[in-house]
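J.: Heads up: the sequence lines are chains E and B, in that order. Its first residue numbered 11, the first sequence is counted upward by one per residue in this note's numbering. Its first residue numbered 142, the second sequence is counted upward by one per residue in this note's numbering. All residues carry an ideal CB built from backbone N, CA and C; glycine is no exception. One structure follows; several queries about it will come next.
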Amino acid sequence: MGPKEAAEVLRKSFESEVREISEFNAGQVSVTVAKEKIREIMRFLHDAPELQFHFLSDICGADYMGKKEPRYEVVYNIFSMPNKAYLTIKAQVPEDDLAIDSVMDIWVGADWRERECYDMYGIKFSGHSDLRRLLMPDDWDGFPLRKDYPLQADLGDREWKGYIDVIETYKRNKVYEVHSR
Amino acid sequence: MIVEKELSTKYLTVSMGPQHPATHGVLRLVLELDGETVVKCTPDIGYLHRGMEKLGENKTYPVDMTLTSRLDYCSAVANEIGFCIAAEKLLGVEVPERAKFIRTMTSEMVRIASHIIWIAAHAIDIGAMTVFLYSMRDREMILDLFEMLCGARLLHIYPRIGGVRCDVDQKFLDQLWDFTEKFPKLIEEYETLIDQNRIWWQRTKNIGIVSAEDAIALGLTGPTLRGSGVPYDIRKVAPYDAYDKVEFDVPLGKNCDVYDRYRCRMEEFRQSNRIIRQCIEKLPGGLVLNPDAPGLDMMPGPLKKAAPAPAPAADGTAAPAPKVEAGPAFTEIYSATEVPKGELGYYMVSDGTGRPYRMRVRTPSFVHISALQRLCVGVLVADVIALIGTIDIVLGECDR
């Protein structure tokens with residue numbers, strides 16, 4: 011069973027949830043779904059005997075600011091060993107309700123990938139056991155991978171506290187000069 | 142009369158790293174210890190976070206490739222090939238057959254180099270110094286070969302979108318063939334040192350057992366997963382480049398412990414050697430770079446040129462205006478390759494310009510380190526070192 015057929019099986023079971031099935035470049039099949047029943051959808055894909063998507067390759071977010079509505083997507087890439095097929099599931103997350111169910115009870119390994127998605131986009135995963143920042147410092151302001159977050163900016167006074175500490179320590183240590191003989 | 146006083150015990154919190162030599166980089170583990178047993182392990186990462194995904198979205202495809210070689214600097218060329226394959230699928234670029242074989246050959250060369258670093262670091266962590274010296278001596282041969290091939294030893298930037306940068310010459314192939322003749326003897330040399338060594342057995346056998354179900358749920362890939370007996374190798378299940386044209390076996394473990402994962406990687410040395418020899422024998426002629434592929438001078442603007450305005454009709458009436466497409470059409474791809482440490486996946490979204498709209502890198506080390514907090518519970522502190530070694534991590538890849 012190829013990814014296209016697997017997507018059709020999913021559409022039959024979750025008719026009101028599946029919004030769109032798109033295929034690109036022979037083999038890349040993406041299914042756009044509503045976020046409300048994401049846990050049931052993933053549980054179905056994992057457990058159904060003819061699908062068996064046991065591997066969770068990746069979870070990541072995507073931001074389509076001003077290009078698509080709703081703005082955010084959470085993308086799940088899963089793999090089925092018996093079918094030898096990859097499938098991409100995209101859950102739509104609107105800007106005014108930045109939350110989605112966690113899939114940690116299906117794959118324990120989703121833990122850090124959901125945390126990273128929260129860290130980078132600010133999407134909350136309800137049901138996650140330990141949702142904290144992962145790569146960025148705990149007191150960081152803003153979500154770096156959003157499209158309205160600049161690549162480079164001069165923040166002046168609003169610079170991150172940790173960085174100001176480093177600069178001040180450097181200035182303080184400069185007081186001690188090295189005496190050459 | 143003797144009154145027995147109740148002894149009060151409390152957990153000791155130890156911060157291991159980020160400068161600890163056995164954590165393979167800037168990994169910090171906060172260990173809560175009950176005596177010498179780990180009660181809770183909290184990995185702390187992000188010390189090497191360079192914002193590679195954000196950077197990637199702001200640069201063009203050929204420039205992004207140079208970022209990916211800084212992910213796992215022990216196997217740079219494998220990351221670059223993974224990126225090029227994803228970009229080729231996304232942009233619809235064909236690759237010549239000769240380039241595919243050269244790519245397969247170089248990714249296996251770098252697999253040997255990366256596994257050599259792994260055996261060196263893993264052995265020295267557990268206490269076998271000699272293996273480190275022997276294996277680093279042999280890694281030099283691979284690095285010299287890479288220098289002959291493309292001029293760089295560590296960060297190669299050798300593949301290109303649509304092929305590879307330069308062709309291989311006969312002198313290089315001869316020297317690589319010589320290496321493949323010598324290498325099986327060298328693997329035996331490492332094995333004589335540790336394979337039957339009682340201390341090595343005590344430190345690795347029945348340590349860090351991960352059952353196949355747990356390994357799949359945790360998302361482990363590569364030799365770390367295959368040590369638990371799961372035959373998941375992307376080179377076999379979804380072949381790319383020339384992997385469907387060469388013969389090789391996928392070594393699997395049985396006991397799911399540190400020793401079996403060590404055996405898996407030792408067998409992968411032999412299989413890589415076998416693939417390199419087949420690639421040299423079967424190397425076809427022809428071009429190594431698709432002339433139509435986007436070059437380094439790729440522009441960040443829209444890729445497709447606008448259709449030329451139709452000439453006005455003979456009677457002077459203006460031709461109908463060309464249709465304007467509404468909004469950008471997004472195309473996306475998830476492309477996974479088997480790098481020495483596991484599954485390296487690129488999820489890329491294109492909006493039809495020279496820059497990827499979204500570039501997500503799924504790296505094996507990130508997932509493997511996230512598994513550490515569950516694997517380390519209930520083991521001794523000394524076995525934490527063995528566990529870090531056996532999952533084969535590189536922090537540049539984890540933090541991106």
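1) Spatial neighbours of A264 of chain B within its chain, please: CB distance less than 7 Å, with the 5 preceding and 5 following residues excluded, ordered by chain position.
2) Use the C-beta contact count for L172 of chain B: other C-beta atoms within 10 angstroms, 16 or more gives buried, fewer gives exposed.
3) Run through chain E and tell me which residues come within less than 8 Å of I357 of chain B, C-beta to C-beta.
4) Are T247 of chain B and Y299 of chain B closer than 8 Å when you measure CB to CB?
5) Entirely within the stretch 107-182 of chain E and at least 4 residues each: give me those alpha helix (DSSP H) ranges in chain order.
6) Closest Cβ-Cβ distance between A72 of chain E and chain B: below 8 Å?
7) F34 of chain E CB to nearest chain B CB: under 8 Å?
8) Quick one: is P147 of chain E buried, meaning 16 or more other Cβ sit within 10 Å of its Cβ, or exposed?
9) Any C-beta of chain B sitting closer than 8 Å to the C-beta of K94 of chain E?
10) State the CB to CB distance for the pair G9 of chain E and Y86 of chain E, rounded to an integer number of angstroms; the pair is presumed to be in contact (CB under 8 Å).
11) Rounded to whole angstroms, what's the CA-CA distance from I328 of chain B to E46 of chain E? Just pull it up for me.
12) If you measure between the beta carbons of G360 of chain B and W117 of chain E, is that distance less than 8 Å?
13) From C307 of chain B to F320 of chain B, what does the alpha carbon distance come to, in whole angstroms?
14) Which chain E residues are close to F320 of chain B, counting only those with a beta carbon under 8 Å from its beta carbon?
15) Given a cut-off of 8 Å on the beta-carbon distance, is the pair L290 of chain B and A217 of chain B in contact?
16) Using only alpha-carbon positions, find the residue among B:N199, B:P184 and B:G158 that is nearest to S491 of chain B.
17) Does V41 of chain E get closer than 8 Å to chain B when you measure Cβ to Cβ?
18) On the DSSP bridge list, what partners appear for G139 of chain B?
19) Please state the DSSP three-state secondary structure of E422 of chain B.
20) For the beta strand (DSSP E) that contains A193 of chain E, what are its first and last residues?
21) Between which two residues does the alpha helix (DSSP H) harbouring T245 of chain B extend?
22) Just checking: is the beta-carbon of V85 of chain E within a distance shorter than 8 Å of some beta-carbon in chain B?
23) Check each candidate in E:W122, E:S23, E:L145 and E:G76 and name the one with the smallest Cα separation from R53 of chain E.
24) A467 of chain B to K77 of chain E, Cα distance in whole Å?
25) Quick check on S149 of chain B: buried or exposed, where buried means 16 or more other Cβ atoms within 10 Å of its Cβ?
26) So with Cβ pairs under 8 Å, would you call I534 of chain B a contact of chain E?
27) If we ignore side chains and look at the alpha-carbon of each, how far apart do V378 of chain B and I177 of chain E end up?
28) From P463 of chain B to L232 of chain B, what distance separates their C-alpha atoms?
29) Exposed or buried, E288 of chain B, counting other C-beta atoms within 10 Å across all chains shown (16 or more means buried)?
30) If you measure from the beta carbon of M52 of chain E to each beta carbon in chain B, is any gap under 8 Å?
31) Would you mind reading off the limits of the beta strand (DSSP E) that contains K181 of chain B?
32) Report the residue ranges of all beta strand (DSSP E) runs contained in full by the stretch 354-404 of chain B; include only those spanning at least 3 residues, in chain order.
T.: For this structure:
1) V272, F273 and I335
2) buried
3) H64 and F65
4) yes
5) 120-131
6) yes
7) yes
8) exposed
9) yes
10) The structure shown does not extend to residue 9 of chain E, since chain E is modelled only from 11 through 191, so no value can be given for it.
11) 54 Å
12) yes
13) 21 Å
14) Chain E residues near F320 of chain B: none, gap ~34 Å exceeds 8 Å.
15) no
16) B:N199
17) no
18) For residue 139 of chain B there is no data in the structure shown, the boundaries of chain B being 142 and 541.
19) helix
20) This structure cannot settle anything about residue 193 of chain E, because the visible part of chain E is limited to 11 through 191.
21) E238 to I267
22) yes
23) E:S23
24) Because the pLDDT of A467 of chain B is 45, which lies under 50, any placement of that residue in the model is unreliable, and the question is left without a value.
25) exposed
26) no
27) 51 Å
28) Note on P463 of chain B: pLDDT 48, under 50, position unreliable in the model; the coordinate value appears next. Their backbone Cα atoms lie some 24 Å apart in a straight line.
29) exposed
30) no
31) T178 to D185
32) none
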